[in-house]
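All residue numbers for the sequence shown refer to our numbering, where the first residue is 28 and numbers rise by one.
No residue lacks a Cβ here, since even glycine has one placed at the ideal position from N, Cα and C.
These notes concern the structure reproduced below.
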Amino acid sequence: MATDVNNRLIWLNGQVMNVNDAKINVLSPTAQFGLNVFEGIRCYWNKEQQQLYAFRLPEHYRRLERSARLLQLSCPYTIDQMASAMADVVKANEYKEDIAVRQTLFADGFGSWTTRMEVGMFIAPIPKRHTSAEYNKAGLRCCVSSWQRINDNSLSPRIKCGANYINSRMAQLEALRNGYDTTIFLNHQGKVAEGPGSCLFLVRDGILVTPLITDSVLESITRDTVLRMAKDMGIPTEERSVDRTELYLCEEAFLCGSAMGLTPITAIDGYEIPPQSENSLTYRLAYQYDRIVRGQDAAYTHWLTPIW
Ligand SMILES: Cc1ncc(COP(=O)(O)O)c(C=O)c1O
């Protein structure tokens, strides 16, 4: 029997413990300045195979290492150690269902925001039975944010660190206040960037288009997955800068990320996107993504790490 969510087990600095017993120093740089880097990893349950698959795990850990490197935090664990700690805590919870795992390296101790040492790690898995409004599979009504996306010369979106999500918070809360489900950022050059916790794709004249990775976008694993799936499915793709008005003219659009998978957009700033059929690229890609992450397509099993 899997653990009750409020008493689930988490891994903290080498030990598996009840989430309520996992404590950190309130004076630590992570608590005071959001000095942490993290990954949101998804594991999908395959009922027939009675197996839980972590999706593109090494890619997540490589990005975690790169985020730590850019912030000059010394990561005390190898990729193998991070992966085996993750499997240990998922097994300790006896999870045999879809889960999300937050794996965070954080600046611990009494240092200030310049500290490089005393890096701790926690790993917190949670069942993913429900999705929030932002991830509504029925489709998202979006706005273009009045908040600009952070950029590489101020706070790099390439670094997946806690502090970056203040920018996302401002934009997402503004969108909700104004009656939208979520929002799309423009970057400092006025080009389309990404969502607050997701990357953006749109379809124009049958071509699947996504903003450049250098247009203030996280180096998203799902973005990369969609581009690779599209190529394998014979769908033409373009990575290029995208203008705001293209959002209003597109035939299809969706947001994607580990947390939300592929989620269609139904309107942007009140410009309606035509209802999608089962032949739409969004539908076909979302369907294929779900098969791949659950281990139902043998051509992509190299992206899966079995937990059990
Ligand atoms: C700002 C932002 N962009 C994109 C993504 C999607 O990244 P990934 O596909 O690696 O989950 C996320 C999710 O973490 C995000 O926070």
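- The beta-carbon separation of Ile292 and Leu167, rounded to 5 Å, stays under the 8 Å limit for a contact.
- A buried status is given to Lys218, since no fewer than 16 other beta-carbon atoms sit within 10 Å of its beta-carbon.
- The Cβ atoms of Phe137 and Ala49 lie no closer than 8 Å to each other.
- The three-state secondary structure of Gly217, taken from DSSP, is coil.
- In the structure shown, Thr249 adopts helical secondary structure according to DSSP, grouped into three states.
- Three or more beta-carbon pairs drawn from the segment 184-191 and the segment 55-71 are found closer than 8 Å, and the two stretches are therefore classed as touching.
- Distances between the C-beta of Pro223 and the heavy atoms of ligand 1 include at least one below 7 Å.
- A direct Cα-Cα distance of roughly 7 Å separates Ile177 from Ser243.
- The closest CA to that of Ala151, considering only Asp324, Trp38 and Tyr327, is found on Trp38.
- Secondary structure at Phe82: strand, using DSSP grouped into helix, strand and coil.
- Look at Ala114: its beta carbon is at least 7 Å from all of the heavy atoms in ligand 1.
- Taking a C-beta distance under 8 Å as the contact criterion, Phe228 and Thr237 qualify as a contact pair.
- In this structure, Leu245 lies near Arg185, with their beta-carbon atoms less than 8 Å apart.
- With fewer than three CB-CB distances shorter than 8 Å, the segment 197-211 does not count as touching the segment 248-268.
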